Amino acid sequence: MEKAPATYPATLDFLYNRLPMFSRVGAVAFKKDLTNIMALSDALGNPEQRFKSIHIAGTNGKGSVSHMIAAVLQQSGYKTGLYTSPHLKDFRERIRIDGKMISKDFVVGFVRENFALVQQISPSFFEITVAMAFAWFARNTCPIAVVEVGLGGRLDSTNILQPELSVITNISYDHQQILGDTLTQIAGEKAGIIKPGIPVVIGETDPETKVVFEQVAARLESPIVFADQWWKITSRQTRADQLEVELHRQNGEESLPVVYRTDLTGAYQVKNLMTVLTAVTLLQQRHWHIGYDATRQALSAVKRLTGLRGRWEVIGNRPLVIADVAHNEAGIREVTRQAGMLPYEKLHIVTGFVRDKSIDAILELFPAEAIYYFCQAAIPRALPSTELAAMAGGYGLKGKAYSQVKDAFAAARACAGPDDVILVCGSVFVVAEVLP
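According to the numbering used here, the sequence shown is numbered sequentially starting from 17.
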């Protein structure tokens, strides 16, 4: 019989290479029911029942929203668990308490202690990771944890939670081979996290998906709020290290503008900020003690409090180098729009994708005047850079193909002048390989 791994590197090797992992191999690793996670949870004594939770789904922004809400709770004095995926540099980024990563000893011990159970159930990488996170939060008596959905919602392993609040950031096209070909179908899958009687925040109103959320919420008698209908943006200002937003609450009454500043400087964070502020208001109504000052302080220091990386992150100057994990139509639209607003002589874009994205729809969004460095991350799911370059050529995008991310990035750095901009995007895994 196979032996349980005894060290942290051996444990990671087991998790990565012996269990089906969606981020590496794609849809074949996705389990279309909750049987495994329920069996794991039951064997562990249902740890998810020993802490309160906030459950967050959405096509884009769910990682940022998760970290922002966790920062607010943490700054308000609550020991706060945070579960997100995927990680960028270290597996332990996925599971944090008050910004600190799960211990290596617990990761090894959890796999060793439950090795027979794992061999019996044959869970996916994501299923065992979710179980590990919930066990860590319960062991450390976290009163609350912020939990990001991995994929979809209805069938996601995190959906065994009975949360204090559900949040769905937005809906756009991604993972259509699993979630459906229409926005209505995708919304239906993400609406699966709405629970009976539990409030739900929808970040962005879309006529095509609004009715889906309203129908599910009505059936489950769950109060529903659309964040962008609660707030009106009256001004915004982006600086190198700070995004400042002035908002009015749209409640039919005269109200003074409120100014919030966040260290997450992507222009798209304005939408996420409205979602977070709406969620905070609903948590206050559910008697969570979250003050205005704590909220403002937390939002100005999200990266320091939670360790969030890869969201419009500046990793170099002269030339300005920006890394962003945008990887689908909506995400690429946002980052290329913001890049186009920057002052530069030339724009260099280092990019690569995984095979199961709608590449043609994404390539249409890229600026033709940029210089491209097409690459592929070191995962089986990566789209070959030569294939990507050929596809991009059909959209007038010119550049060279590189078999490794580091070579593409080095070429961009070598070619760029001090007044140029280098944007790295297209895949979490491409960004991970360039982050220092």
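Cβ atoms here follow ideal geometry from the backbone N, Cα and C, with glycine treated the same way. Since the structure is predicted, the reported quantities are computational estimates derived from the model, not experimental observations.
Between the segment 53-70 and the segment 144-151, the count of C-beta pairs closer than 8 angstroms reaches three or more; the two stretches touch.
In the displayed model, K211 falls within coil according to three-state DSSP, outside both helix and strand. If one requires a minimum length of 4 residues, the alpha helix (DSSP H) runs lying completely within the segment 111-166 are 120-129, 131-137, 141-155, in chain order. Between P273 and P239, the C-beta gap is not smaller than 8 angstroms, which leaves the two residues out of contact.
Scanning its chain for C-beta atoms nearer than 8 angstroms, with the 5 sequence neighbours on each side dropped, one finds around V292 the residues V81, M84, I85, V88, L315, in chain order. In this structure, S374 is the residue among D29, W328, Q253, S374 with its C-alpha nearest to the C-alpha of M407. Annotation for K68: no alpha helix (DSSP H) segment contains it, though the beta strand (DSSP E) segment containing it runs 68-73. Assignment of L381 by DSSP, reduced to helix, strand and coil, places it in the coil class.
Residue range 437-441 is occupied by the beta strand (DSSP E) that includes C441. For L259, the enclosing beta strand (DSSP E) begins and ends at 258-265.
Between E220 and S173, the C-beta spacing is not below 8 angstroms. The alpha-carbon separation between A59 and I218 amounts to approximately 34 angstroms. Around L381, the same chain offers E345, I348, R349, T352 as residues with beta carbons nearer than 8 angstroms, after the five sequence neighbours per side are excluded. Around the Cβ of G368, a 10 Å sphere holds 16 or more other Cβ atoms; the residue is buried. Exclusion of the five residues before and after S69 leaves I160, A161, V163, L177, P179, E180 as the residues of its chain whose Cβ lies within less than 7 angstroms of its Cβ. Contact annotation, L363 with A386: C-beta distance approximately 4 angstroms; criterion of less than 8 angstroms satisfied. As a beta-bridge residue in DSSP terms, T367 pairs with F390, C441. If only complete runs of 4 or more residues are kept, the segment 260-337 shows the alpha helix (DSSP H) at 285-301, 308-315, 318-322, in order along the chain. Listed as beta-bridge partners of R397 by DSSP are no residues whatsoever. Here the segment 430-445 makes contact with the segment 332-340; the two share three or more CB pairs at distances below 8 angstroms.
By the CB criterion at 8 angstroms, V127 and T27 fall inside the cutoff.
The segment 412-420 and the segment 295-315 do not touch, with fewer than three beta-carbon pairs separated by less than 8 angstroms.
For A417, the enclosing beta strand (DSSP E) stretches over residues 414-417. In the displayed model, S251 falls within a strand according to three-state DSSP. Under a 10 Å Cβ-count criterion, Y411 is classified as exposed, with fewer than 16 other Cβ atoms of the shown protein chains found around its own Cβ. The beta carbon of A339 lies closer than 7 angstroms to those of G326, E329, I331, V440, V447, V450, L451 in the same chain, with the five residues before and after it left out. A distance below 8 angstroms between beta-carbons, with the five flanking residues on each side excluded, links Q258 to the following residues of its chain, in chain order: R277, T278, D279, T281, S316. Sequence-distant Cβ neighbours of I378 in its own chain, meaning closer than 6 angstroms and more than five residues away, are E345, I348.
Between E260 and Q266, the C-beta gap is not smaller than 8 angstroms, which leaves the two residues out of contact. DSSP links G168 through a beta bridge to no other residue. DSSP lists I111, V163 as the bridge partner or partners of Y99. Rounded to the nearest angstrom, the gap between the Cα atoms of E262 and M357 is 20 angstroms. With fewer than 16 other CB atoms across the displayed protein chains lying within 10 angstroms of its CB, P223 is exposed. Residue burial annotation: R320 is exposed, with fewer than 16 other C-beta atoms found within 10 angstroms of its C-beta.
Under the criterion of beta carbons closer than 8 angstroms, N156 and I113 qualify as touching, at roughly 6 angstroms.
Taking C-beta atoms as the reference points, L298 and N175 fail to come closer than 8 angstroms.
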